[in-house]
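> Here you go, one structure.
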Amino acid sequence: MIEPLPRAFFDRNAAEVAPEVIGCLLVRRDGDTLRVGRIVEAEAYVGEHDRACHARAGRTARTAPMYERPGHAYVYFIYGVHEMLNAVCGPGGHPSAVLIRAAEPIANLAHSGTGPGNVTKAFRIEMRHNRSDLCDPRSELFIAPRRPGDQPRLWQGPRVGVQYSGPRWMKARLRFCDRDSPHLSRPGPARR
DNA sequence: TAAGTGATACGC
DNA sequence: CGTATCACTTAC
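Residue numbers (my numbering): 1455 to 1646.
This is the structure:
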């Protein structure tokens, strides 16, 4: 039986959660199919002061889930093409979130899980999963702890696709990867 | 390197 | 209202 992480795991700033979510399992109940992947890349978006975070616009119809309970999904649609999956963090109602950018296939992925748009495609995650409770074992979507003995070597660097956010936030090392994974969305750590 | 795609936030 | 922009992907 595979169980979700407790809500307390998410009830802190995304910058603390993001490194710890690497190696954890993304689980999607899709009818009779259980889709499972190991998270290998994630980014933290840390609040209204973070000029790359959607919450920089304050609470709006789109960003409302970030202001609600930690441990829920924040799913949004971008470029007219892709859904993106985030785990809402905290603490409390502080709007921070972790973007899930890549997952290694473990079971029943429909496609590659490399890249945030491909994660949602592989797990068949859609806008209807916005606000899903990631801590409920009956949920269609949840996040489970690392498997026993799985202690990924981490690499951290600047986030992808946030050039507009100014020098400070563009350079902030809020992207976390399993440095040994071959499924990263783009060259992170120098491989050797 | 560039197009595609549509919701969003913001200016008028 | 109009429209510039976007936490991307894929194919040249």
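Backbone N, C-alpha and C fix where the C-beta goes; we use that ideal spot for every residue, glycine too.
Let's test the definition: count the other Cβ atoms within 10 Å of the Cβ of Val1475 and tell me whether it reaches 16, buried, or not, exposed.
Flag for Val1475 reads buried.
> Thr1517 by DSSP, collapsed to three states: which one?
Looking at Thr1517 - three-state DSSP - the assignment turns out to be coil, as it is neither helix nor strand.
> Here's the rule I'm using: 16 or more other beta-carbon atoms within 10 Å means buried, otherwise exposed. How should His1503 be labelled?
With fewer than 16 other Cβ atoms within 10 Å, it is exposed.
> Whether or not the stretch 1460-1469 and the stretch 1535-1543 are in contact is what I'm after, with contact meaning three or more pairs of Cβ atoms, one per stretch, closer than 8 Å; do they touch?
Segments in contact, yes.
> Return the first residue and the last residue of the beta strand (DSSP E) that Gly1571 is part of.
Looking at the DSSP string, Gly1571 is not in any beta strand (DSSP E); the run it does join, the alpha helix (DSSP H), is 1570-1577.
> I want to know whether the stretch 1474-1492 touches the stretch 1510-1517 - three or more CB-CB distances under 8 Å.
No, they do not touch.
> Tell whether a beta-carbon distance below 9 Å holds between Ala1571 and Met1538.
Before going further, note that residue 1571 is Gly rather than Ala in the sequence given. Taking 9 Å as the Cβ cut-off, Gly1571 and Met1538 qualify as a contacting pair.
> I need the DSSP call for His1583, collapsed to helix, strand or coil.
Note: His1583 maps to helix in three-state DSSP.
> So within the stretch 1475-1516, which uninterrupted beta strand (DSSP E) runs reach at least 3 residues, ignoring any that extend past its ends?
Runs found: 1479-1484, 1487-1499.
> What does Val1614 pair with, by DSSP beta-bridge criteria?
In DSSP, Val1614 forms no bridge with anything.
> Starting from Pro1621, follow the alpha helix (DSSP H) in both directions and report where the run begins and ends.
It spans 1620-1625 - the alpha helix (DSSP H) in which Pro1621 sits, taken as one unbroken run.
> Relative to the C-alpha of Ala1498, which residue among Asp1590, Leu1480, Met1520, Arg1483 is closest?
The residue with the shortest Cα to Cα distance from Ala1498 is Met1520.
> Could you pull the DSSP bridge partners for Tyr1528 from this structure?
According to DSSP, Tyr1528 bridges with Asn1540.
> Which residues in the same chain as Lys1575 place their Cβ atom closer than 6 Å to its Cβ, once the five residues preceding and following it in sequence are excluded?
Within the same chain, Lys1575 has close Cβ partners His1565.
> Less than 8 Å between C-beta atoms, sequence neighbours within five positions excluded: which residues of the same chain meet that for Asp1634?
For Asp1634, where only same-chain residues beyond five positions count, the Cβ hits under 8 Å are Pro1606, Arg1607.
> How far does the alpha helix (DSSP H) with Ala1462 in it reach, from first residue to last?
Element bounds for Ala1462: 1461-1464.
> By DSSP, does Pro1641 sit in helix, in strand, or in coil?
Note: Pro1641 maps to coil in three-state DSSP.
> DSSP puts Pro1559 in a beta bridge; with which residues?
Paired residues: Gly1491.
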